[in-house]
Amino acid sequence: MWMAQGFLHSSTRNEQDFEEIGLDYMRQLCSRSFFHIEEDDFFCMRFKMHDLIHDLAILVAQVEYLSVNFHQSGSFDRVRHLSIYTKDLSDNEEVPDFILQLGKVRTILIPEEKVGITGRSFIKKCISRFKYLRLLNLRSSTFDELPSSIGNLSHLRYVDLSYNCHIKRVPDCICKLQHLQTLLLSHCEELEKFPKDIGNLISLRYLALTTKKTCLPTGIDRLTSLRILHVVACRNLLSLEGLPRLTHLKMFIIEECPVLRSLPHNMKYSTALETLIISDCEKLDLLSLEECVRGLRSFWILKSKLKNFPLWLKECASTLQNICIANCQNLIALPEWLQSFKLLEKLVIENCPQVPALPEGMHCLTTLRELKISGCPRLMERCNRHGGIDWFKIAHVTKIMIGGVNNNTFGGL
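Everything in the sequence shown is counted per full-length UniProt numbering, starting at 1 for the first residue and increasing by one.
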């Protein structure tokens, strides 16, 4: 969202991705106690804003920010950012005049915990009036079609239509949005038709999608600016071929694709890929892939029938920093070659009940600073700080959680 509003600027001469600049901003704000990290689970960090900072933010933003429920009135000429708190704006209900007078609006936002818009008339009128719109968040809405006039919003950077269970097509005119950076279509489970020229979205950096088709949309391989691709809840998806052309892709997330059988055979050409997350893809065969990306930094595998670690993961020994293995009921062991991951910082093993022990060379992982184990009875017993026979392998790790219990060797002193 910061990227959509043009808030991200590099402080150095080096060419940094917007995503990296945003992380730098958050680190600086945390270091100055504007926020603190409440939870860090690899690729998703949750922050908490301190009360005084929250009050200050409200004071500063009150002129340009407005939360509405459609049953209020007043003069809001300077409003730039609009949050909509309503679920009962029907298709035949008139949009309040005061909203249509907000000609300088840059943001329309549906808060995550709220039900989205049901009426097409609201969407159509807002799109026709708000010429400077940069961010359009309509998640959890139930309209069945997006107005073609959206193609006229030349400043639009961010569109979120996720969790709309009625929409069946995305209009071709969305491909006119040459500055669009984020397009979120996840959990739109009736979505059948994508724009035929989706490859023309030359600025698109983040794409999340759900499709009823057996393959990804034609033209997706031409999205050469893409940094994050999230493929989720694609019940019929069989193939991911074509993705290796996405040479700038940094994060690839595949979730809930029950009939998907393999990763692209040419993934080794996705040389920028740093994070690979695979969840709940029961037919996916990871072992048959001969080569994968060598520069991975984070690898997640969740809800898999995997029995052994894929051998191609050894190619990432010099780069991998984070591994999460969860809900892999058939996994029988951690590989002995895990000790070769000299940069490994965080290891999570959850609900893998057949894993009996840690590899013998775990004590060689001197950079490992965080270890979490839960739902693995034998492994948890062996790693217990008080008498566990594998404890010596992990005694050097700074933060250890066994079954949700803090076993810190340093932080607990």
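Every residue gets a Cβ at the ideal spot worked out from N, C-alpha and C, and that includes glycine.
Model, not experiment: these values are computed from the prediction.
Exposure of residue i, with buried meaning 16 or more beta-carbon neighbours within 10 Å
i: N308; result: exposed
i: Y206; result: buried
i: R46; result: exposed
i: F392; result: exposed
i: P377; result: exposed
i: F299; result: buried
i: D97; result: exposed
i: T214; result: exposed
i: V170; result: buried
i: I373; result: buried
i: N408; result: exposed
i: K48; result: exposed
i: M3; result: buried
i: D88; result: A caution first: D88 carries a pLDDT of 49, below 50, which makes its placement in the model too unreliable to give a value.
i: A208; result: buried
i: E192; result: exposed
i: D390; result: buried
i: T224; result: exposed
i: F252; result: buried
i: L146; result: buried
i: S270; result: buried
i: T367; result: exposed
i: F7; result: exposed
i: D159; result: Going by the sequence as given, residue 159 is Val instead of Asp. Buried, because 16 or more other Cβ atoms sit within 10 Å of the Cβ of V159.
Residue i (DSSP reduced to helix, strand or coil)
i: Y206; result: strand
i: M1; result: coil
i: K212; result: coil
i: V405; result: strand
i: A333; result: coil
i: Y269; result: helix
i: F122; result: helix
i: E315; result: helix
i: L368; result: coil
i: V79; result: coil
i: C324; result: strand
i: H36; result: strand
i: residue 415; result: As displayed, the chain neither begins before 1 nor continues past 413, which places residue 415 out of reach and without an answer.
i: D160; result: strand
i: V231; result: strand
i: T175; result: The amino acid at residue 175 is misidentified as Thr; the sequence shows Cys. Helix.
i: I117; result: coil
i: K131; result: coil
i: E250; result: At residue 250 the sequence reads Lys, which differs from the Glu that was named. Three-state DSSP puts K250 in coil, outside helix and strand.
i: R382; result: helix
Cβ separation of residue i and residue j, assumed to be a contact under 8 angstroms, to the nearest whole Å
i: G310; j: L286; result: It should be pointed out that residue 310 corresponds to Pro in this sequence rather than to Gly. 4 angstroms between Cβ atoms; contact.
i: K346; j: Q321; result: 7 angstroms
i: H179; j: S203; result: 5 angstroms
i: N330; j: L302; result: About 13 angstroms separates the two Cβ atoms, so there is no contact after all.
i: I325; j: I349; result: 5 angstroms
i: V105; j: L82; result: 5 angstroms
i: K250; j: T275; result: 7 angstroms
i: G151; j: R129; result: Not quite, the Cβ-Cβ distance comes to about 16 angstroms (not below 8 angstroms), so this is no contact.
i: T182; j: R157; result: 7 angstroms
i: L296; j: L260; result: At roughly 19 angstroms, the Cβ-Cβ gap does not stay under 8 angstroms, so L296 and L260 are not in contact.
i: L365; j: L344; result: 5 angstroms
Rounded straight-line distance, which links the Cα of residue j to that of residue i
i: T210; j: V232; result: 5 angstroms
i: T142; j: N164; result: 5 angstroms
i: Q28; j: I53; result: 15 angstroms
i: R80; j: E291; result: 49 angstroms
i: K168; j: D280; result: 24 angstroms
i: Q354; j: G403; result: 16 angstroms
i: E64; j: S318; result: 48 angstroms
i: H9; j: R369; result: 32 angstroms
i: G412; j: V397; result: Any reading at G412 must be qualified, since the residue scores a pLDDT of 41, below 50, and its modelled position is unreliable; the value itself is stated next. So the alpha carbons of these two residues sit roughly 12 angstroms apart.
i: F34; j: L23; result: 14 angstroms
i: L240; j: L289; result: 13 angstroms
i: C175; j: L161; result: 15 angstroms
i: R294; j: L371; result: 24 angstroms
i: Q62; j: D144; result: 34 angstroms
i: E190; j: P258; result: 17 angstroms
i: S140; j: L185; result: 11 angstroms
i: G219; j: R382; result: 51 angstroms
i: D77; j: R120; result: 25 angstroms
i: Y85; j: I117; result: 10 angstroms
i: S196; j: S148; result: Rather than Ser, the amino acid found at residue 196 in this sequence is Lys. Taking the straight line joining both Cα atoms gives about 14 angstroms.
i: E256; j: S262; result: 14 angstroms
i: L59; j: I99; result: 22 angstroms
i: Q101; j: C126; result: 10 angstroms
Check whether the stretch 27-42 and the stretch 217-235 touch, using three or more Cβ-Cβ pairs below 8 angstroms as the test.
no
On the three-pair Cβ rule with 8 angstroms, is the stretch 356-375 touching the stretch 331-340?
yes
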